[in-house]
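The structure appears below as structure tokens.
Chains as they are written, first to last, in my numbering: chain A, 553 to 882; chain B, 5 to 356.
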């Protein structure tokens, strides 16, 4: 009887917390990986009862069977199938408070490798089933949202390589599993890669002809094809346009409006939701001798993670510098 | 139900940390016991020795008298899991069945497919007869003192009572528990209870009374407990990853908790002698033996899954899918062609 009351109370609490989470949706976490092809296999079971399963969309199954793409009974995290040794990213700025990496990369058993990160909102995120010696961080280290913190594996109770990502929050003095999808902590749909873009158009899709010692303004637009809102602030979601091939290369065409020698600009708009168009406007200043050039750019998030350049449309600007008769010999 | 406060290693009182843990365990254990009827028992079947031979499932159990005690070598009919694609170190762990425990009447419990959710628990008797329980993903099992039944944890962390002769299962508690399971001399079960079976920490050690189905907390430290075992002085040795730090073995009694040893931060598969004076473990593909009294640690060479003899004088080690018997100084004393080799745990009370 006591136990029934406990279960009922837990269920009511879970529902209430879920509701509160929806109301407090903050879009303050990012998905813990980079690969656009990765999608969710199983999410959090928000129904504490045995053989009752409720997923992030409130769909309910009164059975014990796993429901691929949605949920399995009693699951406390989110499973993302991915190849062994895939990069794992911190879901938010935080501090690494614990890790273990002694189990074999594919060592089956109850226990596995993990990294545990504490965040300023009082929550913790757990990255589990990691590779042996797969932590790329140390306990006490501060990490940024999107930072590569570990390599994936299949240690522990793992029937196929995947990341078990879990968000934990304190409820009534106890660490409890939370569902970031239901709580809208990600803007993304389940499994949708957070940062992805596709080329739409630009101010001049042909060759930019620049008179030497002068500056032209160029803009390019990309569709936000990922799951997260792009922002031009310094917080989670900041999206920049940087030089590419190789990345972070000092550009010979940097203009005075560039934030740095390799960053052409932040996204123009304060907020670009998924599906919307973001514009990047920047100057191109020619100091180079007359001739033909080609400047490649790529988009990156949080100053850390580059987008998939080929999916972006392999964006580059052909440039022809011509003589400026005012300063150059004809 | 009763719970006991203890002093953490190092003498610091950690009541602030202890209180929520105590509450969690009390409720979780209680709920586990009460809702045990929710899960249907797995099917069971028995086979005579002739039927086992005829079906190709007979298990040959060979007794070896070795330095350190009696060693059981299990010769199994075939691997349940394909080893294709598995790294070499994992083939020995997963491709074969696993010896779990033996009883005073000569029965041997085997998990017949690690990592195979369709496998189960096999009990084979000296006369060749068998009882098989389709307990999915057996994580651990231990015989009761009289050998009439076993306590077993399945892949979902549920605790079951298995009748040895029939294989019939009845659920004792829903847990979740990890695979560390053993009986104390008082007839209680020593279990590691976790918050989640896929990510099993924080976790705590509990004593579970199979008759009342009630749990008592053994150690309030919140951590990542790998295993627990009762020592000869009735204290409990707890091997755990310390939050934010390395791996420790603690000795927990009714009144105290003291650190026996700090191991390599990557240490796994720790195994203790009966008195806790020697601790073997593996880390990064090597096997180490730690002497508690001197505090010294010796690397014994490559290998994994060390299992120390009752007296701590020798140990079994898995090497390339086979088993080696090593002396405490690392000398190889014997070799076995299979991975399914273990110390007879009924040592001193086994039937001849």
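Ideal Cβ positions, reconstructed from N, Cα and C, are used throughout, including at glycine. Just so you know, these numbers come straight off a predicted model, no measurement behind them.
Looking at B:279, B:196 and B:185, the one whose alpha-carbon comes closest to that of residue 236 of chain B is B:279. Spatial neighbours of residue 46 of chain B in its own chain (CB-CB distance under 6 angstroms, excluding positions within 5 residues in sequence) are listed in chain order as 137, 138, 139 and 173. Of A:648, A:657, A:594 and A:862, the smallest CA-CA separation from residue 694 of chain A is found for A:648. Looking at the DSSP output, residue 780 of chain A shares a beta bridge with no other residue. In chain order, 661 and 662 make up the part of chain A whose C-beta sits under 8 angstroms from the C-beta of residue 183 of chain B.
Excluding five sequence positions before and after residue 182 of chain B, the CB atoms of its chain that fall closer than 6 angstroms to its own CB belong to 196, 198 and 204, given in chain order. Classified as buried, residue 223 of chain B has 16 or more neighbouring CB atoms from the shown chains inside 10 Å of its CB. Shortest Cα-Cα distance from residue 210 of chain B to any of B:188, B:200, B:202 and B:62 involves B:188.
DSSP, reduced to helix, strand and coil, places residue 55 of chain B within a helical segment of the structure shown.
For residue 632 of chain A, the closest Cβ of chain B is not nearer than 8 angstroms.
Sixteen is the threshold: when 16 or more other Cβ atoms of the shown chains lie within 10 Å of the Cβ of residue 234 of chain B, as they do, the residue is buried. In the three-state reduction of the DSSP assignment, residue 263 of chain B falls in the strand class, which pools E and B. Each of B:112, B:262, B:160 and B:153 was checked against the Cα of residue 618 of chain A, and the nearest Cα belongs to B:160. Between the alpha carbons of residue 762 of chain A and residue 879 of chain A lies a gap of roughly 14 angstroms. Distances from the alpha-carbon of residue 190 of chain B to those of B:144, B:240 and B:170 put B:240 closest. In terms of beta-carbon proximity, residue 691 of chain A lines the interface with chain B, with at least one pair separated by less than 8 angstroms. For residue 153 of chain B, the uninterrupted beta strand (DSSP E) run begins and ends at 153 to 157, by DSSP. Secondary structure note for residue 864 of chain A: its alpha helix (DSSP H) is the uninterrupted segment 861 to 864.
If you draw a straight line from the Cα of residue 678 of chain A to the Cα of residue 669 of chain A, it comes to about 7 angstroms. Taking residue 583 of chain A as reference, the option from A:631, A:627 and A:623 with the minimal CA-CA separation is A:631. Runs of the beta strand (DSSP E) lying entirely within the segment 810 to 862 of chain A and spanning at least 3 residues, in chain order: 815 to 818, 829 to 837 and 843 to 853.
A direct Cα-to-Cα measurement between residue 340 of chain B and residue 110 of chain B gives close to 20 angstroms. Taking residue 104 of chain B as reference, the option from B:256, B:152 and B:157 with the minimal CA-CA separation is B:157.
Under the Cβ criterion of 8 angstroms, residue 212 of chain B is not counted among the residues facing chain A. The residues 105 and 106, in chain order, have a CB closer than 7 angstroms to that of residue 349 of chain B in the same chain once the five nearest residues on each side in sequence are set aside. Setting aside the 5 residues that flank it on each side, residue 674 of chain A is surrounded in the same chain by 721 and 722, each with a C-beta closer than 8 angstroms to its C-beta; the list follows chain order.
Between residue 714 of chain A and residue 633 of chain A, the C-beta spacing is below 8 angstroms. In the three-state DSSP reduction, residue 213 of chain B falls in the strand class (E or B). The residue among A:814, A:792, A:861 and A:843 with its C-alpha nearest the C-alpha of residue 830 of chain A is A:792.
In the DSSP assignment, residue 126 of chain B falls within the unbroken beta strand (DSSP E) covering 125 to 128. DSSP places residue 187 of chain B within a strand segment (E or B) once states are collapsed to three. For the beta strand (DSSP E) assignment, the uninterrupted runs of no fewer than 3 residues enclosed by the segment 273 to 322 of chain B are, from N- to C-terminal side, 282 to 287, 290 to 295, 300 to 306 and 308 to 312. In terms of CA proximity to residue 249 of chain B, A:651 leads the group A:835, A:651 and A:843.
Contact of residue 115 of chain B with chain A is not assigned, every C-beta pair being separated by 8 angstroms or more.
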